[in-house]
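2 protein chains.
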Amino acid sequence: MTDDERKFLEAYDASKFAGPLATVDMAIFCIRDDALHVLLIKRGNHPDKGRWALPGGFVDTRRDADTHATALRKLAEKTGIATPYLEQVVTVGSSNRDPRGWALTVLYFALIDHAALNPDSENVEDAEWVDVHEALTRDLAFDHRDLLTRAARRLADKARYSALPLKLLPAEFTLVETQRVFEILLGAPLEKKSFRRRILAADIVEETGRTRPSARRPAQLYRLTRDIQEDFAFPGLIHTKPALL
Amino acid sequence: MTDDERKFLEAYDASKFAGPLATVDMAIFCIRDDALHVLLIKRGNHPDKGRWALPGGFVDTRRDADTHATALRKLAEKTGIATPYLEQVVTVGSSNRDPRGWALTVLYFALIDHAALNPDSENVEDAEWVDVHEALTRDLAFDHRDLLTRAARRLADKARYSALPLKLLPAEFTLVETQRVFEILLGAPLEKKSFRRRILAADIVEETGRTRPSARRPAQLYRLTRDIQEDFAFPGLIHTKPALL
DNA sequence: TAAATAGTGTCTCTCAGACAGTATGGG
DNA sequence: CCCATACTGTCTGAGAGACACTATTTA
Chain A
0 MTDDERKFLE AYDASKFAGP LATVDMAIFC IRDDALHVLL IKRGNHPDKG RWALPGGFVD
60 TRRDADTHAT ALRKLAEKTG IATPYLEQVV TVGSSNRDPR GWALTVLYFA LIDHAALNPD
120 SENVEDAEWV DVHEALTRDL AFDHRDLLTR AARRLADKAR YSALPLKLLP AEFTLVETQR
180 VFEILLGAPL EKKSFRRRIL AADIVEETGR TRPSARRPAQ LYRLTRDIQE DFAFPGLIHT
240 KPALL
Chain B
0 MTDDERKFLE AYDASKFAGP LATVDMAIFC IRDDALHVLL IKRGNHPDKG RWALPGGFVD
60 TRRDADTHAT ALRKLAEKTG IATPYLEQVV TVGSSNRDPR GWALTVLYFA LIDHAALNPD
120 SENVEDAEWV DVHEALTRDL AFDHRDLLTR AARRLADKAR YSALPLKLLP AEFTLVETQR
180 VFEILLGAPL EKKSFRRRIL AADIVEETGR TRPSARRPAQ LYRLTRDIQE DFAFPGLIHT
240 KPALL
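Line by line, the protein sequences are chains A and B. All letters in the first sequence, in the order written, are residues 0 to 244 by numbering that gives the first Met the number 0. All letters in the second sequence, in the order written, are residues 0 to 244 by numbering that gives the first Met the number 0.
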């Protein structure tokens with residue numbers, strides 16, 4: 000850094016510029032009662048007080064090293080879960096989406112295993128797990144209906160060409176359960192043989208050799224062969240029409 | 000809106016909260032000399048004065064209705080092009096990417112037809128079209144090397160499963176040119192017959208019945224059957240392994 | 001009619017879809 | 001031994017890859 004640049008930075012006062020409000024919002028998804036659910040929070044403050052909203056809040060430039068940290072902080076506050084799958088969906092910033100002023104929000108979605116939740120957190124009055132289809136019929140705060148639509152569509156798209164939905168399952172899962180998660184996200188039944196052929200060929204799951212107690216023939220339990228992180232490159236688990244070569 | 004809420008908003012002063020700096024950066028791509036190029040700007044101001052950077056700037060909450068408008072404004076300033084293909088890539092915000100403070104940038108990429116550029120704009124000293132591979136070897140300002148990597152990867156990914164690269168071509172184009180664009184983006188040769196079968200089956204291009212003058216057999220010219228916008232759902236133009244069903 | 005590029009015919013092999021069939025547990 | 005659910009065998013049809021072949025232009 001040159002002296003010239005050092006002088007410039009000393010004289011620079013970022014607070015002189017009226018930038019937008021910066022927030023992070025989250026669509027936290029889990030599978031529950033054979034359907035995709037999302038966590039909604041009842042707003043306790045103005046604006047839109049009393050309406051249901053996606054969890055979120057302002058970026059805290061003192062506490063959060065980056066937006067990912069903001070998202071993890073919010074997620075831990077609401078669910079107690081520290082290491083979910085977290086993926087940035089989109090950023091929406093405009094002058095009219097928040098009455099407080101020009102507001103910019105970075106939207107994330109998180110995938111969690113419903114069983115990993117603390118059961119105590121179920122009976123909180125201002126938080127509710129809601130079926131995504133029902134949530135989209137509610138009069139959500141701000142533009143959260145749009146945000147939820149985008150997050151849900153992203154997840155459904157990824158079910159088409161990646162193995163990401165595995166992150167909605169517990170550490171050990173059966174292939175029948177896995178297929179069901181994909182069917183829920185895709186909204187269509189899948190062919191059992193094809194599904195199994197592909198997920199096994201993809202080499203992303205392995206048998207544990209264990210089963211869960213069952214009244215019928217118990218299904219083999221599987222686990223991931225490696226962890227799934229954002230930008231992982233698993234082959235998809237459903238057949239998509241080949242691309243335009 | 001309730002009286003209660005109105006009172007809250009009147010008392011609200013957004014400038015009291017020290018939010019992050021909010022900027023928009025752009026990777027503007029075109030095909031040139033048989034390679035993917037990106038527009039770089041030499042920074043005239045601190046910080047990182049004199050280093051090459053992606054075009055971009057602060058969100059102007061008075062002029063820009065939303066971040067898309069900021070991106071279009073920047074694009075028009077640098078290229079004079081008003082209606083490119085524009086797509087949001089990612090948002091990066093952290094405390095250490097800009098010495099002026101906690102800075103959040105929304106990254107877009109734009110695809111333009113090189114021939115649509117005003118030739119005058121070629122000889123500007125502080126702007127340069129650079130081969131993307133070369134650009135990534137330069138010591139770019141801030142974290143723009145990371146940003147450019149992400150934008151270029153997104154474009155390459157989309158070449159795999161969408162018809163988006165057609166937006167790098169002029170209004171009329173040949174199938175051989177189209178195939179070449181895909182090959183540049185994918186970094187691998189494609190099978191001519193398969194490519195043609197797929198692009199024609201996709202029903203996204205149609206013959207114009209015209210040709211360009213040529214020293215050899217002239218190629219048929221095609222045009223898009225409909226415009227490509229963000230979130231369009233064209234089938235891809237290359238063969239991808241089917242997803243995990 | 002030669003050269004060069006545009007564009008096609010057609011074989012093969014892979015694999016998704018379909019679905020009937022077998023396996024394995026508890027009652 | 002019956003039932004329900006887990007899991008497999010196998011046929012078929014679609015279509016991607018490969019590549020040799022034909023077509024069309026100028027010189």
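Quick reminder that beta carbons are idealized off the backbone N, C-alpha and C, glycines included. None of these values were measured; they are calculated from a predicted model.
| request: Closer than 9 Å, Cβ to Cβ, to anything on chain B: give me those residues from the stretch 55 to 79 of chain A, in chain order. | output: 57, 58, 60, 61, 63, 64, 65, 66, 67, 68 and 69
| request: Can you grab the Cα-Cα spacing for the pair residue 71/B / residue 87/B, in whole Å? | output: Along the second sequence, read from residue 1 onward, the residue named residue 71/B stands at position 72. Along the second sequence, read from residue 1 onward, the residue named residue 87/B stands at position 88. Distance between the alpha carbons of residue 71/B and residue 87/B: 12 Å.
| field | Exposure of residue 114/B, with buried meaning 16 or more beta-carbon neighbours within 10 Å | value | Position 115 of the second sequence, counted from the first residue, corresponds to residue 114/B. The residue is exposed, with fewer than 16 neighbouring Cβ atoms inside 10 Å.
| query | Between the stretch 62 to 71 of chain A and the stretch 91 to 107 of chain B, do three or more beta carbon pairs fall short of 8 Å? | reply | yes
| message | Going by DSSP, what residue range makes up the beta strand (DSSP E) through residue 93/A? | response | Position 94 of the first sequence holds residue 93/A. Per DSSP, residue 93/A belongs to the beta strand (DSSP E) from 84 to 93.
| request: Check distances from the C-beta atoms of the stretch 197 to 228 of chain B to those of chain A and list, in chain order, the residues that come in under 7 Å. | output: 197, 198 and 201
| task | Going by CA-CA distance only, name the one from 188/B, 224/B, 216/B and 186/B that's closest to residue 201/B. | result | Walking along the second sequence from the start, residue 201/B turns up at place 202. Of the candidates 188/B, 224/B, 216/B and 186/B, the one whose C-alpha sits nearest the C-alpha of residue 201/B is 224/B.
| query | Given 8 Å as the limit, is there contact between the stretch 134 to 145 of chain B and the stretch 169 to 184 of chain B, that is, 3 or more CB pairs closer than that? | reply | no
| said: For residue 186/A, would you say it is in contact with chain B, using Cβ-to-Cβ distances shorter than 9 Å as the test? | reply: Translated into positions along the first sequence, residue 186/A becomes position 187. Chain B contact via Cβ: absent.
| said: With the cut-off set at 9 Å, would you say residue 26/B and residue 106/B are in Cβ contact? | reply: By 1-based counting over the second sequence, the position of residue 26/B is 27. By 1-based counting over the second sequence, the position of residue 106/B is 107. Yes, these two residues count as a Cβ contact at 9 Å.
| request: Determine the burial state of residue 54/A: buried for a count of at least 16 other Cβ atoms within 10 Å of its Cβ, exposed for fewer. | output: Within the first sequence, the letter at position 55 stands for residue 54/A. Per the 10 Å Cβ criterion, buried.
| query | Is the shortest distance between the beta-carbon of residue 90/B and the beta-carbons of chain A less than 9 Å? | reply | As a working note, residue 90/B is residue 91 in the second sequence. So yes, residue 90/B belongs to the interface.
| query | For the stretch 91 to 106 of chain A, which residues have a beta carbon sitting closer than 8 Å to at least one beta carbon of chain B? | reply | 91, 92, 93, 94, 95, 98, 99, 100, 101, 103 and 105
| said: Count Cβ pairs between the stretch 189 to 208 of chain A and the stretch 38 to 51 of chain A that sit closer than 8 Å; are there 3 or more? | reply: no
| said: Looking at residue 158/B: is its Cβ nearer than 9 Å to the Cβ of residue 37/B? | reply: Walking along the second sequence from the start, residue 158/B turns up at place 159. Walking along the second sequence from the start, residue 37/B turns up at place 38. In this structure, residue 37/B does not lie closer than 9 Å to residue 158/B by Cβ.
| query | chain B beta carbons: is any one of them nearer than 9 Å to that of residue 84/A? | reply | The residue you call residue 84/A lines up with position 85 of the first sequence. No, residue 84/A does not count as interfacial toward chain B.
| query | Which value, in whole angstroms, describes the spacing of the CA atoms of residue 166/A and residue 227/A? | reply | Position 167 of the first sequence, counted from the start, is the residue given in the question as residue 166/A. Position 228 of the first sequence, counted from the start, is the residue given in the question as residue 227/A. Cα to Cα, the separation comes out at about 8 Å.
| said: Helix, strand or coil, according to DSSP, for residue 70/B in the structure here? | reply: For the purposes of this step, residue 70/B is taken as the residue at position 71 of the second sequence. Reduced to three states, the DSSP call for residue 70/B is helix.
| Between the Cα of residue 172/A and the Cα atoms of 203/A, 155/A and 156/A, which residue gives the shortest distance? | Sequence index remark: in the first sequence, residue 172/A carries index 173 (1-based). Of 203/A, 155/A and 156/A, the residue nearest in Cα terms is 203/A.
| request: Please classify residue 225/B: does DSSP put it in a helix, a strand, or coil? | output: Within the second sequence, the letter at position 226 stands for residue 225/B. Three-state DSSP puts residue 225/B in coil, outside helix and strand.
| Which same chain residues, not among the five before or five after residue 97/B, have their C-beta less than 8 Å away from its C-beta? | Here residue 97/B corresponds to residue number 98 of the second sequence, with the count starting at 1. Around residue 97/B: 20, 46 and 141.
| With 9 Å set as the bound, which would you pick, yes or no: does the beta-carbon of residue 43/A sit closer than that to a beta-carbon of chain B? | What you label residue 43/A is simply residue 44 of the first sequence in a count that begins at 1. By this cut-off, residue 43/A is not an interface position.
| said: Check whether chain B comes within 9 Å of residue 21/A, counting only Cβ atoms and requiring the distance to be less than that. | reply: On the first sequence, position 22 is the one that residue 21/A refers to. For residue 21/A, the answer is yes, since a Cβ of chain B falls inside 9 Å of its Cβ.
| query | If you drop the 5 nearest sequence neighbours on each side, which residues of the same chain put their C-beta closer than 7 Å to that of residue 175/B? | reply | Translated into the one-based positions of the second sequence, residue 175/B becomes position 176. Cβ within range, chain order: 218.
| request: Assuming residue 139/B contacts residue 52/B (C-beta within less than 8 Å), just tell me the rounded distance between them. | output: Position 140 of the second sequence, counted from the first residue, corresponds to residue 139/B. Position 53 of the second sequence, counted from the first residue, corresponds to residue 52/B. Their Cβ separation, rounded to whole angstroms, is 6 Å, which keeps residue 139/B and residue 52/B in contact under 8 Å.
| Just curious, the beta strand (DSSP E) that residue 36/A is in, first and last residue? | Start at 1 with the first residue of the first sequence, and residue 36/A comes out as number 37. Where residue 36/A is concerned, the enclosing beta strand (DSSP E) stretches over 34 to 41.
| field | Distance, residue 79/A Cα to residue 221/B Cα | value | For the purposes of this step, residue 221/B is taken as the residue at position 222 of the second sequence. For the purposes of this step, residue 79/A is taken as the residue at position 80 of the first sequence. Approximately 56 Å, taken between the alpha carbons.
| query | In terms of DSSP beta bridges, what is residue 22/B paired with? | reply | If you number the second sequence from 1, residue 22/B lands on position 23. Answer by DSSP bridge pairing, in chain order: 57/B and 104/B.
| According to DSSP, is residue 115/B helix, strand or coil? | Position 116 of the second sequence, counting from 1, holds the residue named residue 115/B. In this structure, residue 115/B counts as helix in the three-state DSSP scheme.
| query | Just the Cα atoms here: how many angstroms apart are residue 56/B and residue 210/A? | reply | The residue you call residue 56/B lines up with position 57 of the second sequence. The residue you call residue 210/A lines up with position 211 of the first sequence. Whole-angstrom Cα-Cα distance: 57 Å.
| message | Going by beta-carbon coordinates alone, are residue 154/A and residue 164/A separated by less than 9 Å? | response | Locating residue 154/A in the first sequence gives position 155, counting from the first residue. Locating residue 164/A in the first sequence gives position 165, counting from the first residue. Going by C-beta atoms, residue 154/A is nearer than 9 Å to residue 164/A.
| message | For a test of the three-state rule: what should DSSP assign to residue 27/A, helix, strand or coil? | response | The sequence position of residue 27/A within the first sequence is 28, counting from 1. If DSSP states are grouped into helix, strand and coil, residue 27/A belongs with the strands.
| Closest Cα partner of residue 129/B within the set 22/B, 32/B and 84/B | Start at 1 with the first residue of the second sequence, and residue 129/B comes out as number 130. That would be 32/B, whose Cα lies nearest to the Cα of residue 129/B.
| task | Quick one: using the 10 Å Cβ neighbour count with 16 as the cut-off for buried, is residue 17/B buried or exposed? | result | Position 18 of the second sequence holds residue 17/B. So residue 17/B ends up on the exposed side.
| task | Kindly identify the DSSP beta-bridge partner or partners of residue 205/B. | result | On the second sequence, position 206 is the one that residue 205/B refers to. Per DSSP, 222/B.
| field | residue 83/A burial status per 10 Å Cβ neighbour count (16 or more: buried) | value | What you label residue 83/A is simply residue 84 of the first sequence in a count that begins at 1. Buried, by the Cβ-count rule.
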